[in-house]
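Everything in the sequence shown is counted per our numbering, starting at -8 for the first residue and increasing by one. Here the structure comes first, spelled out in structure tokens, and everything after it is commentary.
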Amino acid sequence: MSYSGLANPKPKFRLDEEIIISKRGSQGHCRTPAYIRGKAGRIERYCGNFRNPEQLAENIKDADIIPLYRCVFNQHDIWNNYNGPKTDTLEIEIYEHWIERS
């Protein structure tokens, strides 16, 4: 269920904006995989506003509503010794509080 309305945050990032995923660690549930932290990519699309899954996992009923983005990364930038084509990409949905401007 996506949330929209005046009480919800507007997306901070724009389409095709160059970004970096935060390197910070996390305790408990986290939807941001360790292999993508610290990696550079770009915003492919804004997916809507949703409740923070990290807070929901801690049973916080009124979890923050935050923007979710589809981000694109070059496979060669993610994996050491990747042997696929230079054009191979990985698309992953990341919540805004994990995204930094490059």
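Backbone N, C-alpha and C define an ideal beta-carbon position, used for all residues, glycine too. Just so we're clear, the structure is a prediction, and the values are computed from it rather than from any experiment.
Rounded to whole angstroms, the separation of the alpha carbons of S13 and I57 is 16 angstroms. Residue burial annotation: Y26 is exposed, with fewer than 16 other C-beta atoms found within 10 angstroms of its C-beta. C62 places its beta carbon 8 angstroms or farther from that of R15.
Between H67 and K77 a beta carbon distance of about 6 angstroms is seen, short of the 8 angstroms cut, so the two are scored as contacting.
Nearest C-alpha to I11 among A31, G19 and Y73: A31.
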